[in-house]
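Below is one structure, written out as structure tokens, with a few remarks after it.
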Amino acid sequence: MKFRIVLLVAASLAFCISARAQTIVFALSYADTPATFRARFPYGALRASPSDYVAMVRNLRKTEIYSLNLADGKRTLLFSDEGMTFEIRPTNVALGSGKAFVAGVERGWRTTPSPGVTETPEAIYEITLDGSNHFRRLFETKQDQSPLFLNPQGTRAVFSVNVNEQDVISIYSVPEWKPLHTFELAKILKPHCPACTLSSYGWFADGARLFFDVGIDDDDDDKSGPPNVTGTYIASEEGADLGILSPDVVQLPPSHNAPPVFVTHHFLGQLPDGAFLFEENLPRTRDAHAAHGQFLVISDANDKVQRQLPETAPIGVGYLSSSGKYVAYVESRRQTPKWQWETHLMVKDLLSGEEKDLLTIPPQNPPSSLEPNVTLRVLGWARNN
1 MKFRIVLLVA ASLAFCISAR AQTIVFALSY ADTPATFRAR FPYGALRASP SDYVAMVRNL
61 RKTEIYSLNL ADGKRTLLFS DEGMTFEIRP TNVALGSGKA FVAGVERGWR TTPSPGVTET
121 PEAIYEITLD GSNHFRRLFE TKQDQSPLFL NPQGTRAVFS VNVNEQDVIS IYSVPEWKPL
181 HTFELAKILK PHCPACTLSS YGWFADGARL FFDVGIDDDD DDKSGPPNVT GTYIASEEGA
241 DLGILSPDVV QLPPSHNAPP VFVTHHFLGQ LPDGAFLFEE NLPRTRDAHA AHGQFLVISD
301 ANDKVQRQLP ETAPIGVGYL SSSGKYVAYV ESRRQTPKWQ WETHLMVKDL LSGEEKDLLT
361 IPPQNPPSSL EPNVTLRVLG WARNN
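Under our numbering, think of the first position of the sequence shown as 1, with each following residue one higher.
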């Protein structure tokens, strides 16, 4: 009997851990249309209170952060800046363990020397994802700063700043948010691909190495100079050049016969078991029997393809679960009869290839609509404590 109880408790714990690992976190931002703005402030500035003045200068009415459990579909509100003097800038959000790190500003009303709304410089804030809406300011953002990315362990953060048309990479420790390393990406790319531009970046599974996915426009490719080698470059957090992911890692379907130069490779990240996840775009060829379209390719470091999964639409930016079983992404679909774009929160099972539509955001409303426009952004997957 005792043994059975122990097994039941162990099974319950295993289920809870699995469910937590399968919890996705996303943000919904609401922007007023001209009609909804007039409905909120019918008299404009004529009869506005100080709190109304502060609310009127917000870029977004509110941003709400939710978690969604894949096991039961339960959605939980974690944070909302509605009615606050603090406003999230949802284009720059990184997810931690029970917390998120967001760009934002604080506003208030001053009476002297002249009445008006005050606004702090944009900064990175730590917000708690427990429903308390607690936040604290960490450090001021830099001009042309790109989004933050935390390593899988939650101990390091990376972001890029464009300085004199050069990408400068900064590494911070977390949770202290102490600057650790700064280096120019061009020092790594110059010997291999001087004309390359950064398209995406992030951390490998070990949390110590960085990847930089780079590409090049045909107009910028100097055919008379050294060849530009595009691809995914690897660096240490100190900025040491650790090489490039071999193109041989990616193997295409046997029926594909297009020249390799026309195949685009996009690195999505590394799974916990060390396998690499790529997105491949195969162009159409004159051969009607040749493979084309988008594929997810999972390969190990020994060039062994483990799985190839067809895609109904390109992922672009993917968010890998801590288990390595799922990838979440946002998909835009054009719907009839007005051919407007609607947004879908999608999750793909990397074992079975099954895709699941978790949430649909309707197309943008016209200016006369009394419903605000909603924007969806994925933050990532809930981290285990």
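Backbone N, C-alpha and C fix where the C-beta goes; we use that ideal spot for every residue, glycine too.
All figures in this text were calculated on a predicted structure; none of them were measured in a lab.
Q. For I315, which three-state DSSP category applies?
A. On the sequence shown, position 315 is the one that residue 315 refers to. Coil, per DSSP.
>> Pairs of beta-carbons, one from the stretch 101-118 and one from the stretch 46-61, closer than 8 Å: are there three or more?
In response: Enough Cβ pairs lie closer than 8 Å, so yes.
| What are the start and end residues of the alpha helix (DSSP H) that includes Y43? | As a position in the sequence shown, residue 43 is number 43, starting the count at 1. DSSP places Y43 outside any alpha helix (DSSP H), giving it a letter other than H or E.
### Query
Cβ of I24 within 8 Å of Cβ of W381?
Within the sequence shown, the letter at position 24 stands for residue 24. Within the sequence shown, the letter at position 381 stands for residue 381. Going by C-beta atoms, I24 is nearer than 8 Å to W381.
Test item: CB-CB of V105 and E126 under 8 Å: The residue given as residue 105 occupies position 105 in the sequence shown. The residue given as residue 126 occupies position 126 in the sequence shown. In terms of Cβ geometry, V105 and E126 do not form a close pair [threshold 8 Å].
Identify the residues that DSSP records as bridge partners of Q143: which are they? Within the sequence shown, residue 143 is the residue found at index 143, counting from 1. None; Q143 has no bridge partner.
Problem - Beta-carbon proximity of D349 to H266, cut-off 8 Å - result: On the sequence shown, position 349 is the one that residue 349 refers to. On the sequence shown, position 266 is the one that residue 266 refers to. D349 is not a Cβ neighbour of H266, given a cutoff of 8 Å.
Practice task
Measure the Cβ-Cβ separation of L148 and F101 and say whether it is below 8 Å.
Solution key: The residue labelled residue 148 in the question sits at position 148 within the sequence shown. The residue labelled residue 101 in the question sits at position 101 within the sequence shown. Judged by beta-carbon spacing, F101 lies within the 8 Å limit of L148, meaning their Cβ atoms are closer than that value.
- For the putative contact between V374 and L28, defined by C-beta atoms under 8 Å, what is the C-beta separation to the nearest angstrom? Walking along the sequence shown from the start, residue 374 turns up at place 374. Walking along the sequence shown from the start, residue 28 turns up at place 28. Sure, about 6 Å apart at Cβ, within 8 Å.
Q.
Assuming contact is defined by CB atoms lying nearer than 8 Å, are T164 and A195 in contact in what I supplied?
A. As a working note, residue 164 is residue 164 in the sequence shown. As a working note, residue 195 is residue 195 in the sequence shown. Before going further, note that residue 164 is Asn rather than Thr in the sequence given. It is not a contact, given that the beta carbons lie outside the stated cut-off.
*Sequence-distant residues of the same chain with beta carbon closer than 8 Å to I216, five excluded per side*: Here the question's residue 216 lines up with position 216 in the sequence shown. Excluding residues within five positions, the ones whose Cβ falls inside 8 Å are C193, A195, C196, T197, N228 and T230.
Checklist line | Beta-bridge partners of M346, as assigned by DSSP | finding: Position 346 of the sequence shown, counting from 1, holds the residue named residue 346. Looking at the DSSP assignment, M346 forms a beta bridge with Y329 and D357.
Quick one: what's got a C-beta closer than 7 Å to S332's C-beta in the same chain, skipping five residues either side? Residue numbering aside, residue 332 sits at position 332 when the sequence shown is read from its first letter. Result list for S332: W341 and T343, in chain order.
Could you check where the beta strand (DSSP E) with I188 kicks off and where it finishes? Within the sequence shown, the letter at position 188 stands for residue 188. Per DSSP, I188 lies in no beta strand (DSSP E); the unbroken alpha helix (DSSP H) holding it starts and ends at A186 to L189.
Worksheet item: Apart from the five residues on each side of it in sequence, which residues of its chain come closer than 6 Å, Cβ to Cβ, to L309?
Response: As a first step, residue 309 is located in the sequence shown; it is residue number 309 there, counting from the start. Once the five neighbours on either side are set aside, the close Cβ partners of L309 are L296 and G353.
Beta strand (DSSP E) containing D386: first to last residue?
-> An answer regarding residue 386 cannot be provided, because it is not within the stretch 1 to 385 covered by the chain.
ask   = Is T415 helix, strand or coil when you go by DSSP?
value = The displayed coordinates of the chain run from 1 to 385. Any statement about residue 415 would go beyond what the structure contains.
Practice problem: With DSSP collapsed to three states, give me the class of A55. | Solution: Your numbering for residue 55 matches position 55 in the sequence shown. In this structure, A55 counts as helix in the three-state DSSP scheme.
Give a yes or no on whether the C-beta atoms belonging to P90 and T128 are separated by under 8 Å.
If you number the sequence shown from 1, residue 90 lands on position 90. If you number the sequence shown from 1, residue 128 lands on position 128. In this structure, T128 does not lie closer than 8 Å to P90 by Cβ.
Can you tell me whether T141 is buried or exposed? The criterion is at least 16 other CB atoms within 10 Å of its CB, across all chains shown. Here residue 141 refers to the residue found at position 141 of the sequence shown. It counts as buried.
**Item:** Backbone CA spacing between P367 and T232 [nearest angstrom]
**Value:** Start at 1 with the first residue of the sequence shown, and residue 367 comes out as number 367. Start at 1 with the first residue of the sequence shown, and residue 232 comes out as number 232. Each residue's Cα considered, the two are about 43 Å apart.
Need the endpoints of the beta strand (DSSP E) that R383 sits in, please.
Here residue 383 refers to the residue found at position 383 when the sequence shown is read from its first residue. Here R383 belongs to no beta strand (DSSP E), and DSSP marks it neither H nor E.
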